[in-house]
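Report on the following structure.
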Amino acid sequence: MAKDTDKDFLEFVVKALVDHPDDVKVDRKVDEMGVLLSLRIHSEDMGQIIGKEGSTARSIRNLVRIIGLKNHARVNLKIEEPEGGRGPARPTRGPEEKPSAEGAKTDLEDLKL
Numbered sequence: 109m110a111k112d113t114d115k116d117f118l119e120f121v122v123k124a125l126v127d128h129p130d131d132v133k134v135d136r137k138v139d140e141m142g143v144l145l146s147l148r149i150h151s152e153d154m155g156q157i158i159g160k161e162g163s164t165a166r167s168i169r170n171l172v173r174i175i176g177l178k179n180h181a182r183v184n185l186k187i188e189e190p191e192g193g194r195g196p197a198r199p200t201r202g203p204e205e206k207p208s209a210e211g212a213k214t215d216l217e218d219l220k221l
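Going letter by letter, the sequence shown gives residues 109 to 221 in this note's numbering.
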């Protein structure tokens, strides 16, 4: 079995999902921790690969790990942010502070109606 089976499989799956298959690039690096597949795609295709709440990306990672298990290797997938992408999600803020009753009272006094 060829050593780049995991890379070929990932390219096949991702190209079938995206609108810009010519922009799909997969790099394969092997070290003491296992195999790292780095995926680069067109910025417009990120939503299709990530999926709702990351479900598609999670599924692709599971499939790539299974291919790795068949070849007795630990395989991880890194999806690289394309140029012009949104970047990491901003943390959501909690509920806005409500003005206190004392603050409202002093505001009314300032009006001098």
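Every residue gets a Cβ at the ideal spot worked out from N, C-alpha and C, and that includes glycine.
* May I ask which residues mark the beginning and end of the beta strand (DSSP E) holding D135? => 133-139
* Asked: Got a sec? Which residues, its chain only, sit under 7 Å from K133 by beta carbon, not counting five neighbours each side?
  -> So the qualifying residues of the chain are R148.
* **Simplified DSSP assignment, three categories, for I149** => Correct three-state label for I149: coil.
* **Pairwise C-alpha distance: H128 and N179** => Rounded to the nearest angstrom, the two C-alpha atoms are 30 Å apart.
* **Separation of P190 from S163, as counted between CA atoms** => 19 Å
* Please look up how many angstroms separate the CB atoms of D114 and V143, rounded, as I've assumed it's under 8 Å. => 6 Å
* To do: Kindly list the residues whose CB is nearer than 8 Å to the CB of V126, restricted to its own chain and excluding five residues on each side of it in sequence; keep chain order.
  => V132, I149, H150, D153, Q156, I157
* Assuming K145 and V183 make a contact with CB atoms under 8 Å, what is their CB distance in whole Å? -> Residue identity check: residue 145 is Leu in the sequence provided, not Lys. Sure, about 6 Å apart at Cβ, within 8 Å.
* Can you say whether L185 is buried or exposed, counting buried as having 16 or more other CB atoms within 10 angstroms of its CB? => buried
* Would you identify the three-state DSSP class for N179, choosing helix, strand or coil? => coil
* Where does V126 fall in DSSP's three states? -> coil
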